[in-house]
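The structure appears right after this line, and notes come after that.
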Amino acid sequence: MNVFKAGFWLLTACASGSVAAATTLSAQLAAADGWVGYRVAAVADAGQSCCYTIAHGGTHTAGCRLDGKASRGSTIDTSARSPGSETLAIYLRVRGGEIDQVRAWSASCPVEDADTVRWIDPVEPAQSVAVLDRAVDRGGDAGEQALVAIAQHADASATAALERNAAPGRPRERREQALFWLGQMRGADGLATILRQARSDPDPKLREQAVFAASQSRADGAYAAVHTIAREDAAASVRGRALFWMAQMDATGADRDILAALSRESSESVREEAVFALSQLDDGRAEEALIAVLRGDQPREVKQRALFWLGQSDSPRALAFFDEVLR
């Protein structure tokens, strides 16, 4: 066998193996109806995901039944992020050979009827992503939950799947959801994908969602990227949303950057958004920034908005300022 033929054979074998692996998992899932489960590594620093049951009186109890009739929901607690590796449990309900429900929670999440699940461990993460991606394409609630499950996989194929679902040509709502999870879970690679959409998509509404997704990222450079969009995007609505999310990102210097935007902006709607963004700053920075607007040379309508939001704070600093100017 010459080198060319050997290389071609190797490439073909690898590709066939990848397809065969996903096909094998699909066959395992389709072997019988009911709930099927397996475990994969969860993406690092993703937090704890779990379901909860809502009892009478509105109290929430961690854990649930997969087929329970009681009211329940799911949550991802990002405050519980830890650098250690976590395990993600995937639950898929199969009917007629097709996946019609998807659940993905931390393996430590108590699932009362987990003993009725047909467990098929071990499963390669890339196989899991491929099967879930096909469920996304079928749409509906199962498709939405499959996207959430993909986002929590540690494997790099999960980032690639989210990138595909965020690309032009996919349904608008799915693109927005994929962008959100790229920001929440996929680090620097996810942020890079988000910024490509934020800079190139012709739809301002989609770019607004991309700015929001970027603001959720913990990757280095997220704040700087949102700040750049606030300066450079052609649409006033996108620039205004970027200013709002800058205030929410709790970055050092956000007050200074938003005040600078207020001074350079010609759009009245963006100036209004900038004043509101200043009012959302924490640790006393909101009051100081709004007072700076009132003492500066901003147009009258800008100062009126700053005065309104300062009056809403009811903080000692705001009251002291009012005492000063009303003497």
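The sequence shown maps to residues -21 to -1, 1 to 306 in mature numbering (1 follows the signal peptide of the UniProt record, and there is no 0).
For glycine and all other residues, C-beta sits at the position ideal for the given N, C-alpha and C.
Range covered by the beta strand (DSSP E) that runs through residue i
i, result
"A41", "H39 to A41"
"S85", "E77 to S85"
"I33", "Q27 to I33"
"I69", "E65 to R74"
First through last residue of the alpha helix (DSSP H) which encompasses residue i
i, result
"A20", "No alpha helix (DSSP H) contains A20, which is instead part of the beta strand (DSSP E) from G13 to A21."
"L111", "P104 to R117"
"S179", "G166 to S179"
"S194", "P183 to S194"
"L298", "P295 to L305"
Cβ distance (whole Å) where residue i is taken to contact residue j below 8 Å
i, j, result
"G263", "R296", "6 Å"
"A83", "A128", "4 Å"
"M164", "Y202", "Actually they are not in contact, since the Cβ atoms of M164 and Y202 sit about 18 Å apart, beyond 8 Å."
Any C-beta of chain C under 7 Å from that of residue i
i, result
"D46", "The displayed structure is made up of one protein chain only, and chain C is not part of it."
C-beta contact flag for residue i and residue j at 7 Å
i, j, result
"Q156", "L126", "yes"
"R18", "D100", "yes"
"A86", "T66", "yes"
"W98", "G169", "no"
"V190", "A221", "yes"
"Q106", "A21", "no"
"Q124", "L158", "no"
"A214", "I237", "no"
"A226", "L174", "no"
"D116", "R74", "no"
"K282", "L273", "yes"
"E91", "R149", "no"
Through-space distance from residue j to residue i, alpha-carbon basis
i, j, result
"S(-6)", "T3", "For S(-6), the predicted model reports a pLDDT of 41, less than 50, meaning its position is unreliable; a value from the coordinates is still stated below. Computed Cα separation, rounded: 12 Å."
"T(-10)", "S136", "Because T(-10) carries a pLDDT of 41, less than 50, the predicted location of this residue cannot be relied on, and no value is offered for it."
"Q291", "V304", "17 Å"
"L257", "R153", "32 Å"
"G119", "N144", "15 Å"
"R250", "A177", "21 Å"
"A(-2)", "C29", "Note that A(-2) scores 49 on pLDDT, short of 50, meaning its location in the model is unreliable; the coordinates nonetheless yield the value given after this. Between A(-2) and C29, the C-alpha separation is close to 32 Å."
"C(-8)", "T138", "Because C(-8) carries a pLDDT of 41, less than 50, the predicted location of this residue cannot be relied on, and the following value inherits that uncertainty. So the two alpha carbons sit approximately 21 Å from each other."
"I33", "A121", "22 Å"
"E77", "L161", "27 Å"
"G(-15)", "G166", "For G(-15), the predicted model reports a pLDDT of 42, less than 50, meaning its position is unreliable; a value from the coordinates is still stated below. One C-alpha to the other measures close to 35 Å."
"Y31", "A93", "15 Å"
"A140", "S5", "17 Å"
"D199", "E266", "28 Å"
"A299", "S242", "25 Å"
Subject >> Length-filtered (4 minimum) alpha helix (DSSP H) runs lying within the segment 198 to 282 >> reply: 201 to 211, 215 to 227, 233 to 243, 247 to 258 and 264 to 274
**OP:** Return the chain-ordered ranges of every alpha helix (DSSP H) run that is complete within the segment 120 to 163 and spans a minimum of 4 residues.
**Re:** 135 to 145
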